[in-house]
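No gaps in the numbering here: position 2 of the sequence shown is 2 in full-length UniProt numbering, and each next residue is one more.
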Amino acid sequence: MRLTSWNLQHGLVTPPSPSDDPAALIAAEMSRLTPDLIGLQEVDYLLPRSGSMNQVGNFADLMKTKYWAFAPSLIGSPDEDWRNPRPDDELIVTSESASQVAGYGIGIASKIPVLSWHRLNLTGSPIGAPLAFPVDGKLKRFYVRDHPRSALAAVLDNGWVVINTHLSFVPGFSWWQLMKIKRWTRSLPIKDKSKILIMGDLNIPLEVFAKGYQWNSLAKVKTFPAWQPRAQIDYFLSQKVASEDVMMLPCRYPGISDHMPLTIDIN
1 MRLTSWNLQH GLVTPPSPSD DPAALIAAEM SRLTPDLIGL QEVDYLLPRS
51 GSMNQVGNFA DLMKTKYWAF APSLIGSPDE DWRNPRPDDE LIVTSESASQ
101 VAGYGIGIAS KIPVLSWHRL NLTGSPIGAP LAFPVDGKLK RFYVRDHPRS
151 ALAAVLDNGW VVINTHLSFV PGFSWWQLMK IKRWTRSLPI KDKSKILIMG
201 DLNIPLEVFA KGYQWNSLAK VKTFPAWQPR AQIDYFLSQK VASEDVMMLP
251 CRYPGISDHM PLTIDIN
């Protein structure tokens, strides 16, 4: 089973180049990676800034699969006015439950049949933090307020549960959110708890805090910023699988997003 985690940064070409087509860059990278399942973070759904596309659905089309889901962390665009998702919003959008409400969040596309989808809502930090964004090829810091987060779980017909998430950028708060996800895994509908995997942009630069005492980090490589990686904040975590039991594909900067995609093979 080949798994990829990728913070897509809504398909932003970095550094900006009018000659580069985001769709072509994504297609080329997917052709290289050929994942059985991909967990995406920072994806848009029907937002004008990314061409009003269903980005997770587009990845599913590249993978030639009908199994995909999008979980909006917020309604609207993070660059403009947005609001928290409400109970009457479609909180897990799939090919069978399409929504016309634009949003931003996380998603999963899988070639492996998905038996059920599950979502965990995560409160955002009450305070923001300075974040680094690429401007003219250099990272510059801006104060950004935090927003609600979520975790999306896919129960696969091969016996695995894969959880994708994108945690808060506020130091300490991301660790609290991750602890909540780890507790949530106990309630998911799977008998073999050894086949639960957490992936995503955890925004935790120290592996010891990401994995904790009962989880293993399966891929150890710096992933951010993509063009000159200095930190690992993207992870695969498992309670039973060890890093020695997986094979990691070489990372490279695909010319899009500020994160490199992270890919592993699990036997």
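Using N, Cα and C, we set each Cβ at its ideal position, and we do this for glycine too.
Can you pull the DSSP bridge partners for residue i?
{"i": "D201", "result": "H166, D234"}
{"i": "F142", "result": "L131"}
{"i": "V114", "result": "L156"}
{"i": "G103", "result": "Y45, I75"}
{"i": "W215", "result": "Note: W215 sits in no beta bridge, so no partner."}
Return the chain-ordered list of same chain residues with a C-beta closer than 7 Å to the C-beta of residue i, the five sequence neighbours on each side being excluded.
{"i": "I75", "result": "W82, R83, P85, D89, V101, G103"}
{"i": "Q214", "result": "Q239"}
{"i": "G124", "result": "D146, H147, P148, R149, S168"}
{"i": "P35", "result": "R2, L3, T4, T263"}
Please return the same chain residues whose Cβ sits closer than 8 Å to the Cβ of residue i, not counting the five positions on each side in sequence.
{"i": "V144", "result": "G128, A129, P130, L131, F169"}
{"i": "E207", "result": "S217, K220, Q232, Y235"}
{"i": "T14", "result": "P134, A226, W227, G255, I256, S257, D258"}
{"i": "R230", "result": "K222, F224"}
Taking 8 Å as the line, does the beta carbon of residue i fall inside it for any heavy atom of the ligand PLP?
{"i": "F59", "result": "As for the ligand PLP, it is missing from this structure, which has no ligand bound."}
Cβ of residue i within 9 Å of Cβ of residue j?
{"i": "S73", "j": "L47", "result": "no"}
{"i": "G57", "j": "V162", "result": "no"}
{"i": "K111", "j": "L37", "result": "yes"}
{"i": "residue 279", "j": "F70", "result": "The chain is shown only over 1 to 267; residue 279 falls outside these bounds and no answer can be derived."}
{"i": "M179", "j": "G200", "result": "no"}
{"i": "A154", "j": "Y67", "result": "yes"}
{"i": "N164", "j": "Q55", "result": "no"}
{"i": "G237", "j": "Q177", "result": "A quick correction: the sequence has Leu, not Gly, at residue 237. No, these two residues do not count as a Cβ contact at 9 Å."}
{"i": "A109", "j": "M63", "result": "yes"}
{"i": "R119", "j": "L156", "result": "no"}
Using a Cβ-Cβ cut-off of 6 Å (strictly less than) and excluding sequence neighbours within five positions of residue i, which residues of its own chain qualify?
{"i": "residue 268", "result": "Outside the displayed span of the chain (1 to 267) sits residue 268, for which this structure offers no information."}
{"i": "L209", "result": "Position check: residue 209 holds Phe in this sequence, whereas Leu was assumed. So the qualifying residues of the chain are W175."}
{"i": "T185", "result": "I196"}
Q: Within the region 48–77, note down every full beta strand (DSSP E) run reaching 3 residues or more, in order along the chain.
A: The region 48–77 contains these whole beta strand (DSSP E) runs: 67–76.
Q. Does the count of Cβ pairs from the region 4–13 and the region 241–259 closer than 8 Å reach three?
A. yes
Q: Pair every Cβ in the region 195–202 with every Cβ in the region 153–161, then say whether three or more of these pairs are closer than 8 Å.
A: yes
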